[in-house]
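Protein chains: 2
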Amino acid sequence: MNTYQRIVLASRPQGEISPDNFRLETLPVPEIQDGEVLIRNHYLSLDPYMRGRMQDSKSYAEPQPLNATMIGGTVGEIVATKNPRFAVGDQVISMSGWTEMAVSDGSLLRKLDTTHIPLSAYLGAVGMPGLTAWYGLSQIMQPKAGETVVVSAASGAVGSVVGQLARQRGCRVVGIAGGQEKCAYVVNELGFDACIDYKADDWQAALTAATPDGVDALFENVGGAVFDATLTRMNPFGRIALCGMIAGYNGEAVPIQNSRVFLTMRLTMRGFIVSEHMDLWPQGLQELGAQVASGQLKFRESVAQGLAQAPEALIGLLKGRNFGKQLVRLI
Amino acid sequence: MNTYQRIVLASRPQGEISPDNFRLETLPVPEIQDGEVLIRNHYLSLDPYMRGRMQDSKSYAEPQPLNATMIGGTVGEIVATKNPRFAVGDQVISMSGWTEMAVSDGSLLRKLDTTHIPLSAYLGAVGMPGLTAWYGLSQIMQPKAGETVVVSAASGAVGSVVGQLARQRGCRVVGIAGGQEKCAYVVNELGFDACIDYKADDWQAALTAATPDGVDALFENVGGAVFDATLTRMNPFGRIALCGMIAGYNGEAVPIQNSRVFLTMRLTMRGFIVSEHMDLWPQGLQELGAQVASGQLKFRESVAQGLAQAPEALIGLLKGRNFGKQLVRLI
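Chains A and B supply the protein sequences, listed in that same order.
Counting with numbering that gives the first Met the number 0, you get residues 0 to 330 for the letters of the first sequence.
Counting with numbering that gives the first Met the number 0, you get residues 0 to 330 for the letters of the second sequence.
Here you go:
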C-alpha cells in the first residue's frame, strides 16, 4: 500500500452539513523520520462535537481549519517505527483525525491493552465518551441512592454509560431516546428503569409518569423541547450536567423556556468539556475499563465501513440515526 | 392606640399586580398571653420575592394564603412583654408581615443593636438582601482579583452590596441599572467601574465596551434580554448566581436564548435562596454589619410612608421605580 486516504473539511456548512462540506483525498504514504512512528488506524470515532468545530464561531475550541484533516479520535496500530518507545504491532489511541494513516512523534500516543477490552471500546465506553459520562455523573450530578436521574440520548455512547453508572449507585434511571427500538434496548439491555421515546406523541405524559418523585439530576445531551420538559420535573437542588445541545448544532436557536425553574428549584447547571479535566482521566478510565473488561458495563456500536462513509455517518449521528457509539471502520 | 392596621392578600393577580389584590384591615390590638410579646413595627421590607408568593404555583415556598397578613420582614420594638427574654423598648427583627403590630412568642425574634447600625439597615444591607448578595458573591461567584463581575439591578438592595463587595476583592465591577440617575449613583457613590443603563438605546454596545475582557461572574436579578446579552460576554468557566428573574414575575416568559453559551463557555449557573443557608448567616451578618457600621458599605433607601402605601410601593419596586432598598415606614 503506497497510498492512503484522508478526509479534509472542504467548506463550512450553512445550516445542516452535507457531504459536499468534505473532500476525500488520496496521498502517498509518508516516510517517517527518526523519532517518528507510522500509524495504521483501524477505527475512527465520530462525535457530536465535530459539528461545532466545522463552524467558524466562538466556542471552547478553535475551528477546524479548511483543507486540513478533519479532527477525530482514532485507534490503530504501529506499522513502522523509528521511535524506541513503540514497536510495530503496538496498538495505540491518538487524535489522528479522519485518516487511514498518520505520522506521530509519539508524544500524544497512548498504548492500549486489548487483552480484555476490544480496541474500538477505547473510542467509546473506555474512551472520551465514557469519561464524559463518568465525569458528568460523578463530578456534577453526584446522585445519591434513591434519587431519580434522567439521561437524554440514552442509547448513545455517552448516555448509555451515564445511565448504567447511575443504576449502580442505586438511582432510579430514566432515559430519553428516539424510537421504540432504542428505548427497548435502553431498558432491556442497559437496565434503565424506564425510557421515554421522544418521537412518540405522548412523550410528555410518559416523562411525567416515569418520574413520579421528580428529577434530582439530569445529564443533558440534546437541548430543546425535551430539555425544557425535563426542567419542569426537577426537584429542589437538582443538578444538571450540560454535555451537549445537539438540537442546536445546525445553528437552530435552542432557548431554555423554563428558565424560572432554575430559580424556583435552586438548580445548578454546569456545562463541561471532559478534555479539560484530564487529571481525573486515570481514575475514570480505570473504573470504566474494569467494568467493560468484566462485562458489567454494556455498550453498542454503529459501524460504518470505510473512510468514505464518514461524512454520511456523521450526518446520521447528528440526526440520531446511529444506535450506540458511531464508529468508522478503516481496515 | 387600641387598633392597628394590617394588609392581607385579597385576591391573586392575573398578570401585573394591582392595589385591588390587597385589602387594608383595622383590628383591635390583641392582649398578649404569658410568654408572648407585642411588637410595634417601624419598618416593613418590600422585596421582589413577594410577587412570587402571591401566585398559587409551584415554587420554593408555599403561596401566600388569601385573607392572611401578607408575608414580609419587619423591624420594630417591643411595646408589651410577658416574656422574660424581652423588655419593653427592645428592638427586634421578625417576619411579622405587612402589619403595624404583631404578637410573638419570641421564638423567631432576633434582638438588634442599633448603636452603630440604623434599624432599617437590618432589612437591607445587614439583612436578607445583604446576605443574599454576600452569599451569591462569596459562595457561587467566587471572583478573583482582576476578574470582571456584572451585577444586574445594581442600585438595588442586593445588587449594590454585590458590587461593593466585589470591588473590595479587586474585581472590575460593571452594574446594570435603569436610568441615568441610578447609573450615576452606582458609579459615583458605590464605586462601580461602570454602569449600563438598560433603558438607553445603545445599552448592548455599552455593555460590550464596559467588559473588554469579558465577564467572569454574573449576579443576575432580572432575566430577559439583558441577561441574554450578558451571557454572550461570559468567559470560559464563568459563574452565574441566579437570584431573581424580576422580568418574569408577572408571568411573562423569560426564555434564555443564548443557552449554547453554557456549553461553549462551560458556565456554571446556580439558583439560590439565602434563607436555605442560615448556617452561613452569622458569618455574613458579621461582615456586613461591620462594614455598615464603619461606613465602608454604602446603601440607599426608598421609603414609603404608612402601611397603606405598601401595595403601590411593591408595584413600583417590581417596575424598578424604587431607588435602593424599598421600605415602608410604619410609624
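Every residue, glycine too, gets a C-beta built ideally from N, C-alpha and C.
Since the structure is predicted, the reported quantities are computational estimates derived from the model, not experimental observations.
Chain-order list of residues whose beta-carbon lies under 7 Å from that of residue i (same chain, five-residue window excluded)
i	result
B:Gln325	Leu45, Ser301, Ala312, Leu316
B:Arg168	Pro142, Ala144
B:Gly319	Gly177
A:Gln179	Asp196
B:Gln304	Arg328
A:Arg52	Ala60, Pro62, Gln63, Ile70
B:Leu189	Ser159, Gly162, Gln163, Lys297
B:Asp253	Here the sequence assigns Val to residue 253 of chain B, which means Asp is not the residue at that position. Correct list, in chain order: Gly222, Gly223, Met244, Ala246, Gly247.
B:Asn321	Ser301, Gly315
For residue i, the residue or residues it bridges with in DSSP
i	result
A:Ala303	A:Val327
A:Met100	A:Arg39
B:Lys110	B:Val91
A:Arg320	According to DSSP, which records beta bridges pairwise, A:Arg320 is partnered with nothing at all.
A:Tyr3	A:Leu26
Short Cβ contact (9 Å threshold) for residue i with residue j
i	j	result
B:Glu99	B:Arg11	no
A:Gly105	A:Glu35	yes
A:Ile239	A:Leu206	no
B:Gly123	B:Gly323	yes
B:Ser151	B:Val221	yes
B:Gln138	B:Leu118	no
A:Val273	A:Met127	yes
A:Asp192	A:Val173	yes
B:Phe333	A:Leu241	An answer regarding residue 333 of chain B cannot be provided, because it is not within the stretch 0 to 330 covered by chain B.
B:Gly96	B:Thr131	no
A:Gln54	A:Pro62	yes
B:Asp215	B:Cys182	no
B:Val157	B:Ile175	no
B:Gly129	B:Leu279	no
B:Tyr134	B:His276	yes
A:Gly14	A:Gly223	no
A:Leu306	A:Leu43	yes
A:Gly247	A:Arg232	no
A:Arg109	A:Ile77	no
A:Ile330	A:His41	yes
A:Val161	A:Phe298	no
B:Val125	B:Pro29	no
B:Ile255	A:Ile255	yes
A:Cys194	A:Ala153	yes
For residue i, the three-state DSSP class (helix, strand or coil)
i	result
A:Ile314	helix
B:Val87	coil
A:Glu61	coil
B:Arg50	helix
A:Ala292	helix
B:Met264	coil
A:Leu8	strand
A:Gly283	helix
A:Ser258	coil
B:Val78	strand
B:Ser56	coil
B:Ser274	helix
Same chain only: Cβ atoms within 6 Å of residue i, ignoring 5 sequence neighbours per side
i	result
B:Gly155	none
A:Pro235	Met264, Arg265
A:Arg269	Ile139
A:Gln203	Ala228
B:His115	Ala292
B:Ala289	none
A:Gly243	Pro47, Asn220
B:Asn66	Val7
Beta-carbon proximity list for residue i, same chain, < 8 Å, skipping 5 on both sides
i	result
B:Leu26	Thr2, Tyr3, Gln4, Arg5
A:Met49	Gln63, Met69, Ile70, Gly71, Leu313
B:Pro18	Pro310, Glu311, Ile314
A:Leu23	Gln4, Arg5, Ile6, Leu306, Ala307
B:Ser258	none
B:Gln92	As written in the sequence, residue 92 of chain B is Ile, which differs from the Gln given in the question. Taken in chain order, the residues that qualify are Gly72, Thr73, Val74, Leu108, Arg109, Leu111, Tyr121, Leu122, Gly126.
In the segment 177-250 of chain B, which residue ranges form an unbroken alpha helix (DSSP H) of at least 4 residues, counting only runs that do not cross its ends?
The segment 177-250 of chain B contains these whole alpha helix (DSSP H) runs: 179-187, 202-209, 224-230.
Entirely within the segment 10-47 of chain B and at least 4 residues each: give me those alpha helix (DSSP H) ranges in chain order.
none
With a floor of 4 residues, list each alpha helix (DSSP H) that falls wholly inside the segment 130-181 of chain B, ordered by position along the chain.
158-167
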